[in-house]
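Chemist: Per my numbering, the very first residue in the sequence shown carries number 139; after that it's consecutive.
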Amino acid sequence: MKTIEISDLSRSFGKTKAVQNVSFDVEKGRIFGLLGPNGAGKTTTIRMINYIMPPDEGSILINGYPVSPMTQKMIGYMPEERGLYKKMKVGEQLMYLAQLKGMKANDAREKIKYWLKRFNAEDWHSKVVGELSKGMSQKIQFIATIVHDPDIYIFDEPFSGLDPINSELLKQIIIELRKDGKTILFSTHRMEQVEQMCDDICLFNNGKVVLTGNLRKLKKEFGKNTLLLEFEGNDSFLDQLENVRINNRSTNFAEIRILDGLQPQEILKLAMDYSEIHKFELVEPSLNEIFISTVGEDNIKNSGVLL
139 MKTIEISDLS RSFGKTKAVQ NVSFDVEKGR IFGLLGPNGA GKTTTIRMIN YIMPPDEGSI
199 LINGYPVSPM TQKMIGYMPE ERGLYKKMKV GEQLMYLAQL KGMKANDARE KIKYWLKRFN
259 AEDWHSKVVG ELSKGMSQKI QFIATIVHDP DIYIFDEPFS GLDPINSELL KQIIIELRKD
319 GKTILFSTHR MEQVEQMCDD ICLFNNGKVV LTGNLRKLKK EFGKNTLLLE FEGNDSFLDQ
379 LENVRINNRS TNFAEIRILD GLQPQEILKL AMDYSEIHKF ELVEPSLNEI FISTVGEDNI
439 KNSGVLL
């Protein structure tokens, strides 16, 4: 079942085409990742889905309904620009936002208590929002987004400002929401977050969709063209290789993307002339590699994508 349906969506700001003929679908109960450089069109697309700004062309359906104030109520939305009231206390802030979304006070109080405990933030209830760190504010914003228990969640850069421990906690909670049948759409420019969490992806570049589909199927389609090589000894053979791209190189390790015209056995033969080989494995490409192959290396330099 399609929860979100995007068809031929376009939006311009003056002469700048922020989103151009974008189409994709988000299936119910799945995690869908929007990936691309800063300025690629992800946030503009999300704002149109949330009925914050209209498209110039195209259509958006939420559970079969055109976007409207009604569909806004179906969505828990956390924008990239956080919107908490800095002079309010955390508990007051969460209660206000929960009731604004139609929750009864008793239900809201129980949900707020539960989620503050999940984030190890029980003692934040009386803290003033403006005194919170960026990471603490991020967690409160996330709770405010999910407290009313909608069926659809949209998170724009949800991991921004979080340390590794809290990023992992947030990731676990998002996966739990998916297990509960919720539909989750989130945007990020960090490849590893998408690869670890998402069922389906949509790659944006310069306002256009360059690749979309099931992540596992896409990786299989690209084939096993990445070589993981662990060795001990002289690594100068790596500099002699042609028709490859070395993505990761350290003292005793190399991740090598094999391009057209080169056989893995040729790399192994050359490596054995210089080093003792401990690992030689062909694997599916990472999402980094898929993005580079699709967009082109020159187009993503200085783009803001974290590879």
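For glycine and all other residues, C-beta sits at the position ideal for the given N, C-alpha and C.
Helix, strand or coil: how does DSSP classify Lys417 here?
Modeler: strand
Chemist: Can you list, in chain order, the residues of its chain with a C-beta nearer than 6 Å to that of Ser431? Leave out the 5 residues immediately preceding and following it.
Modeler: none
Chemist: Kindly indicate the opening and closing residues of the alpha helix (DSSP H) around Ala178.
Modeler: Run containing Ala178: none; DSSP gives neither H nor E here.
Chemist: Which one or two residues does DSSP pair with Tyr215 in a beta bridge?
Modeler: According to DSSP, Tyr215 shares a beta bridge with Ile292.
Chemist: What's the C-alpha gap between Thr350 and Glu370?
Modeler: 40 Å
Chemist: With H, G and I counted as helix, E and B as strand and the rest as coil, what does DSSP make of Glu427?
Modeler: Of the three classes helix, strand and coil, the one that applies to Glu427 here is helix, per DSSP.
Chemist: Helix, strand or coil for Gln158? Go by DSSP, reduced to three states.
Modeler: Strand at Gln158.
Chemist: Nearest by alpha-carbon distance to Phe151: which of Gly177, Ile142, Met139, Leu173 is it?
Modeler: Gly177
Chemist: So Asp337 and Phe162 are supposed to be a Cβ contact under 8 Å. How far apart are they, rounded?
Modeler: Actually they are not in contact, since the Cβ atoms of Asp337 and Phe162 sit about 13 Å apart, beyond 8 Å.
Chemist: Taking the Cβ atom as the reference point for each residue, do Leu376 and Phe418 lie within a distance shorter than 8 Å?
Modeler: no
Chemist: At the level of alpha carbons, what is the spacing between Leu353 and Lys225?
Modeler: 43 Å
Chemist: By the 10 Å Cβ neighbour count, where 16 or more other Cβ atoms means buried, how is Gln231 classified, buried or exposed?
Modeler: buried
Chemist: Let me check you understand the geometry: is the CB of Asn201 closer than 7 Å to at least one non-hydrogen atom of the ligand FAD?
Modeler: Among the components of this structure there are no ligands whatsoever, and the ligand FAD is therefore not found.
Chemist: Hey, Asn372 and Val433: beta-carbon distance below 8 Å or not?
Modeler: no
Chemist: Starting from Ile190, trace the beta strand (DSSP E) both ways and give me its first and last residue.
Modeler: No beta strand (DSSP E) contains Ile190, which DSSP labels as neither H nor E.
Chemist: Do the region 252 to 263 and the region 276 to 290 touch if we need at least three Cβ pairs shorter than 8 Å?
Modeler: With a cut-off of 8 Å, the region 276 to 290 and the region 252 to 263 count as touching, because enough Cβ pairs lie within range.
Chemist: What residues are listed by DSSP as bridge partners for Asp373?
Modeler: According to DSSP, which records beta bridges pairwise, Asp373 is partnered with nothing at all.
Chemist: Please go through the same chain and pick out, in chain order, the residues whose beta-carbon is closer than 7 Å to the beta-carbon of Leu425, but skip the five residues on each side of it.
Modeler: Met329, Val332, Glu333
Chemist: Quick one: is Asp146 buried, meaning 16 or more other Cβ sit within 10 Å of its Cβ, or exposed?
Modeler: When all chains shown are included, Asp146 counts as exposed.
Chemist: Please state whether DSSP places Ser145 in a helix, a strand or coil.
Modeler: strand
Chemist: Identify whether Ile422 lies in helix, strand or coil by the three-state DSSP scheme.
Modeler: It is Glu, not Ile, that sits at residue 422 in the sequence shown. Coil.
Chemist: Phe324: which of Tyr215, Val160, Glu195 sits nearest, CA to CA?
Modeler: Here the closest residue by C-alpha is Tyr215.
Chemist: How far does the alpha helix (DSSP H) with Asn344 in it extend, from its first residue to its last?
Modeler: That residue, Asn344, is in no alpha helix (DSSP H); it is neither H nor E in DSSP.
Chemist: On the DSSP letters alone, give me the boundaries of the beta strand (DSSP E) that Gly229 sits inside.
Modeler: Counting along the chain, Gly229 falls outside any beta strand (DSSP E), though it belongs to the alpha helix (DSSP H) covering 228 to 238.
Chemist: Which whole-angstrom value describes the C-beta separation of Ile187 and Ile292, a residue pair presumed to lie in contact below a C-beta threshold of 8 Å?
Modeler: Confirmed, Cβ separation roughly 7 Å.
Chemist: Helix, strand or coil: how does DSSP classify Gly152 here?
Modeler: Coil, per DSSP.
Chemist: Identify which residue in Leu408, Leu365, Ala409, Tyr412 has its Cα closest to the Cα of Leu397.
Modeler: It is Leu365.
Chemist: Starting from Val332 and walking both ways along the alpha helix (DSSP H), at which residues does that stretch end?
Modeler: Val332 -> alpha helix (DSSP H) spans 329 to 335.
Chemist: Which residues bound the beta strand (DSSP E) around Arg387?
Modeler: Where Arg387 is concerned, the enclosing beta strand (DSSP E) stretches over 382 to 388.
Chemist: Do Leu356 and Ile428 come within 8 Å of each other at the CB atom, strictly closer than that value?
Modeler: yes
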